[in-house]
Amino acid sequence: MQWETIAAPPGLMAPRPMTVRAQSIPAHHYFPEHAHAWHQVVYAISGVLTVAVEGQSLVISPEQAVWLPTGLRHRVGSLLGAEFRSLWIADEAGRSLPPSPTVVGVSPLLRALIVEAAEIEGQSDQDGYAGRVRALILDQLRRAPPLSGALPWPRSGALGTLCEALYADPADDRGPEDWGRELGMSGRTLARRFEAELAMSLRSWRRRLRLFKAIELLGGGLGVTQVAMELGYSSTSAFIYAFRTEMGCSPQAYMRGHATESGAPALAVVGEHSS
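First residue of the sequence shown: 1, per the UniProt record's numbering; consecutive thereafter.
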């Protein structure tokens, strides 16, 4: 499926100290490469975003955000659609935040603050409430842990086709030889290109993708057995073992620990394609 562009917002007025913009991104749409004269936090309260910056391509979900310092050219889009929340932050307000693009963890508190800030954006702030919400967001961003578990996403067309197909059907267990035939190259060439572009093997990438999809499906209310079947595991116990090996806890324990204040579990991590 072809990707379509969305016009990047002009952002004519500098944030003082923060502006929160809410926008729905349809599936297979992206903002073309652009930059801002202020810092930005790229985040989605639901769905999955693809972010391209400084030669990296990442996929993030609602437990992750990307911090972008002033002036960095970047692209943002969504493979399946997302509720995008963009935080524009004045240079001075973001002075103590990282000097380079960083994937950070988003706690339930930070997520709730971003949702609230978007709701009250543009309203008068006579009682100072909006200012206090923004100040808390900045405090939470300073405390947010940097993450290294984002799932890399290819830039090239053939590998992009492969990864989109696996994202749509994580149970697909075809290896490099089968995929190579479909994409018009040898299995060895595909494996070499995959590792060169994504710094991991197809097997490792698929394992990380399944972990992300597991958390996404669990967050959507599916039971552990249903998730195991959706992802192509041979049994529920095999899925639980794989999940525990990667995350250090069972799927049930993970979701209990990542429940939002409303009681609904937050989506978790993945880790390019496309504000």
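From the three backbone atoms N, C-alpha and C, an ideal C-beta is built for every residue, glycine too.
Any chain C beta carbon closer than 7 Å to residue i
i     : result
Ser96 : Chain labels in this structure do not include chain C; a single protein chain is all it has.
C-beta atoms of residue i and residue j nearer than 7 Å
i      : j      : result
Val76  : Leu58  : no
Gln40  : Leu68  : yes
Gln64  : Val103 : yes
Ile137 : Leu113 : yes
Val53  : His34  : no
Leu183 : Ala165 : no
Ile25  : Val115 : no
Phe31  : Ile6   : yes
Ile89  : Met18  : yes
Thr236 : Ala228 : yes
Ala8   : Gly47  : no
His36  : Trp3   : no
Gly187 : Glu195 : no
Arg85  : Ala118 : yes
Beta bridge counterpart(s) of residue i as assigned by DSSP
i     : result
Phe31 : Val76
His36 : Looking at the DSSP assignment, His36 forms no beta bridge with any residue, so it has no partner.
Glu4  : His29
Trp67 : Val41 and Thr102
Gly47 : Ala82
Met18 : Ile89
Ala52 : Ser57 and Arg75
Straight-line gap, residue i to residue j (C-alpha atoms, nearest Å)
i      : j      : result
Asp172 : Leu202 : 12 Å
Glu246 : Ser156 : 28 Å
Leu110 : Leu211 : 23 Å
Val20  : Glu121 : 6 Å
Gly55  : Gln123 : 38 Å
Ile240 : Thr70  : 42 Å
Trp205 : Ala144 : 25 Å
Ala266 : Tyr129 : Unreliable placement is indicated for Ala266, whose pLDDT of 35 sits below 50; the coordinate value is still reported in the next sentence. Their backbone Cα atoms lie some 26 Å apart in a straight line.
Asp169 : Leu190 : 19 Å
Thr225 : Ile215 : 13 Å
Val106 : Ser96  : 18 Å
Pro108 : Val42  : 16 Å
Asp91  : Tyr233 : 47 Å
Gly160 : Leu231 : 20 Å
Arg207 : Tyr167 : 11 Å
Pro101 : Met200 : 21 Å
Arg132 : Arg256 : 29 Å
Leu198 : Pro152 : 6 Å
Tyr254 : Pro62  : 15 Å
Ser275 : Ser78  : Note that Ser275 scores a pLDDT of 41, beneath 50, so its modelled location is shaky and nothing firm can be said.
Arg142 : Leu72  : 20 Å
Ala238 : Cys249 : 14 Å
Pro99  : Arg181 : 43 Å
Gly175 : Pro154 : 17 Å
Pro15  : Arg244 : 43 Å
Integer Cβ distance of residue i from residue j, believed to fall under 8 Å
i      : j      : result
Leu222 : Pro251 : Actually they do not touch by this definition, with Cβ atoms about 10 Å apart.
- Query: Taking only runs of the alpha helix (DSSP H) that begin and end inside the region 109-151, which ones reach a length of at least 4 residues, in chain order?
  - Reply: Runs of the alpha helix (DSSP H) spanning 4 or more residues and lying entirely within the region 109-151 occur at 129-143, in chain order.
- Task: Ignoring anything shorter than 4 residues or poking outside the UniProt domain "HTH araC/xylS-type" (160-257), list the alpha helix (DSSP H) runs there in chain order.
- Result: Those alpha helix (DSSP H) runs which fall completely within the UniProt domain "HTH araC/xylS-type" (160-257) and span 4+ residues are 176-183, 187-198, 202-219, 224-230, 236-247 and 251-257.
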